[in-house]
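Read through the structure below, which is laid out as structure tokens, and then see the notes.
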Amino acid sequence: EPEVTQTPSHQVTQMGQEVILRCVPISNHLYFYWYRQILGQKVEFLVSFYNNEISEKSEIFDDQFSVERPDGSNFTLKIRSTKLEDSAMYFCASSVRGHETQYFGPGTRLLVL
Amino acid sequence: AQSVAQPEDQVNVAEGNPLTVKCTYSVSGNPYLFWYVQYPNRGLQFLLKYITGDNLVKGSYGFEAEFNKSQTSFHLKKPSALVSDSALYFCAVRSLDTGRRALTFGSGTRLQVQP
Numbered sequence: 001e002p003e004v005t006q007t008p009s010h011q012v013t014q015m016g017q018e019v020i021l022r023c024v025p026i027s028n029h030l031y032f033y034w035y036r037q038i039l040g041q042k043v044e045f046l047v048s049f050y051n052n053e054i055s056e057k058s059e060i061f062d063d064q065f066s067v068e069r070p071d072g073s074n075f076t077l078k079i080r081s082t083k084l085e086d087s088a089m090y091f092c093a094s095s096v097r098g099h100e101t102q103y104f105g106p107g108t109r110l111l112v113l
Numbered sequence: 001a002q003s004v005a006q007p008e009d010q011v012n013v014a015e016g017n018p019l020t021v022k023c024t025y026s027v028s029g030n031p032y033l034f035w036y037v038q039y040p041n042r043g044l045q046f047l048l049k050y051i052t053g054d055n056l057v058k059g060s061y062g063f064e065a066e067f068n069k070s071q072t073s074f075h076l077k078k079p080s081a082l083v084s085d086s087a088l089y090f091c092a093v094r095s096l097d098t099g100r101r102a103l104t105f106g107s108g109t110r111l112q113v114q115p
């Protein structure tokens, strides 16, 4: 069964450094998403992406964040200058179409020191 | 604005007994409702969804959920719990009637099934 994959599974970085989180969505899916879950808190929506552009974003997704689909398979989330409060589990998800079920990857645990 | 409430942080049930994990929601227009499960060190796995039609929806691993429009609830149920069902369960909602695709999640309910 096709799955969303994410790399790395864990990443530790210093405050102020740039990080790139990578995702490979399910191959025939057209909509891509990033969510995050701060330890002990709710899963929160960050951004959705369709047809090579952002279709929706939350207040969390400020200028420090960007997303890209650099090729036909990868979908990336970049945090330009990490802050301590960016420490969280980041989940990538994809759906066939916008109204269909979102399937989630295993997550990347980001720790900012 | 969309919101989801899962009033129980933890539900304990004995193996073989029925289980219910509660969820209520608030959304503009008609809801599109989901249950996801998270096992330790794993991502969110889709269990089931309600979009329209029969109020009782069946999903993976013997789980089902009942949509109640008047009570704005979407409780997750299983007739006979297994120890392997122990995990963190999340209810999520989005509106069918707006252009937004973002899911709003509840805070999660930890299900503990005792042997």
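Just so you know, the sequences run in chain order A and B.
Under the numbering used here, the residue at position 73 of the first sequence is numbered 73, and the numbers go up by one with no gaps.
Under the numbering used here, the residue at position 50 of the second sequence is numbered 50, and the numbers go up by one with no gaps.
Quick reminder that beta carbons are idealized off the backbone N, C-alpha and C, glycines included.
Sort out for me which residues DSSP pairs residue i with in a bridge.
i: HIS10 (chain A); result: A:ARG109
i: LEU46 (chain A); result: Partner(s): none; LEU46 (chain A) has no beta bridge.
i: TYR32 (chain B); result: B:ARG94
i: ALA88 (chain A); result: A:LEU110
i: VAL113 (chain B); result: B:VAL13
i: VAL4 (chain B); result: B:TYR25
i: PHE104 (chain A); result: A:ALA93
How many angstroms separate the CA atom of residue i from the CA atom of residue j?
i: PHE46 (chain B); j: SER95 (chain B); result: 18 Å
i: GLN102 (chain A); j: ALA93 (chain A); result: 6 Å
i: TYR32 (chain B); j: THR20 (chain B); result: 20 Å
i: GLY99 (chain B); j: TYR33 (chain A); result: 15 Å
i: ILE51 (chain B); j: MET15 (chain A); result: 42 Å
i: SER73 (chain A); j: VAL24 (chain A); result: 6 Å
i: ASP63 (chain A); j: LYS57 (chain A); result: 11 Å
i: GLN10 (chain B); j: ARG42 (chain B); result: 19 Å
i: GLN38 (chain B); j: SER55 (chain A); result: 27 Å
i: GLU18 (chain A); j: TYR89 (chain B); result: 32 Å
i: HIS29 (chain A); j: HIS99 (chain A); result: 12 Å
i: GLN37 (chain A); j: TYR61 (chain B); result: 25 Å
i: PHE63 (chain B); j: LEU76 (chain B); result: 7 Å
i: GLN41 (chain A); j: ASN12 (chain B); result: 21 Å
i: SER73 (chain B); j: PHE65 (chain A); result: 35 Å
i: VAL12 (chain A); j: VAL67 (chain A); result: 20 Å
i: LYS118 (chain B); j: LYS49 (chain B); result: Nothing about residue 118 (chain B) can be reported from this structure: the residues present for chain B run from 1 to 115 only.
i: THR76 (chain A); j: TYR50 (chain A); result: 13 Å
What did DSSP end up calling residue i once you bin it into helix, strand or coil?
i: TYR39 (chain B); result: coil
i: GLU68 (chain A); result: strand
i: GLU15 (chain B); result: coil
i: VAL19 (chain A); result: strand
i: SER95 (chain A); result: strand
i: GLU3 (chain A); result: coil
i: SER27 (chain A); result: coil
i: SER80 (chain B); result: coil
i: SER60 (chain B); result: helix
What distance in whole Å lies between the Cβ atoms of residue j and residue i, which are believed to be in contact at a cut-off of 8 Å?
i: LYS83 (chain A); j: VAL112 (chain A); result: 6 Å
i: ARG97 (chain A); j: TYR35 (chain A); result: Contact doesn't hold; Cβ gap of about 18 Å is too wide.
i: ALA92 (chain B); j: THR104 (chain B); result: 6 Å
i: PRO18 (chain B); j: LYS78 (chain B); result: 7 Å
i: TYR36 (chain B); j: VAL4 (chain B); result: In fact, because the Cβ distance is near 11 Å, the residues do not count as touching under 8 Å.
Name the chain B residues that come within less than 7 Å of residue i, Cβ to Cβ?
i: PHE61 (chain A); result: Those within 7 Å of PHE61 (chain A) in chain B number zero; the least Cβ separation is about 11 Å.
i: GLN102 (chain A); result: LEU103
So with CB distances below 8 Å, who are the chain A contacts of residue i?
i: GLY106 (chain B); result: LYS42
i: LYS77 (chain B); result: Simply none; closest approach about 20 Å.
Please compile the residues from chain A whose C-beta is within a distance smaller than 7 Å of the C-beta of residue i.
i: GLY43 (chain B); result: PHE91, PHE104, GLY105, PRO106, GLY107
i: PHE46 (chain B); result: THR101, TYR103
i: LYS49 (chain B); result: THR101
Using a Cβ cut-off of 9 Å, pull out every chain B residue sitting near residue i, in sequence order please.
i: SER58 (chain A); result: ALA102
i: SER73 (chain A); result: Per Cβ cutoff of 9 Å: no residues; SER73 (chain A) is ~18 Å from chain B at best.
Under 9 Å between beta-carbons, which chain A residues line up against residue i? List them in chain order, please.
i: LYS69 (chain B); result: The premise fails here: LYS69 (chain B) is roughly 19 Å from chain A at the closest Cβ pair, so nothing lies under 9 Å.
i: PHE90 (chain B); result: LYS42, VAL43
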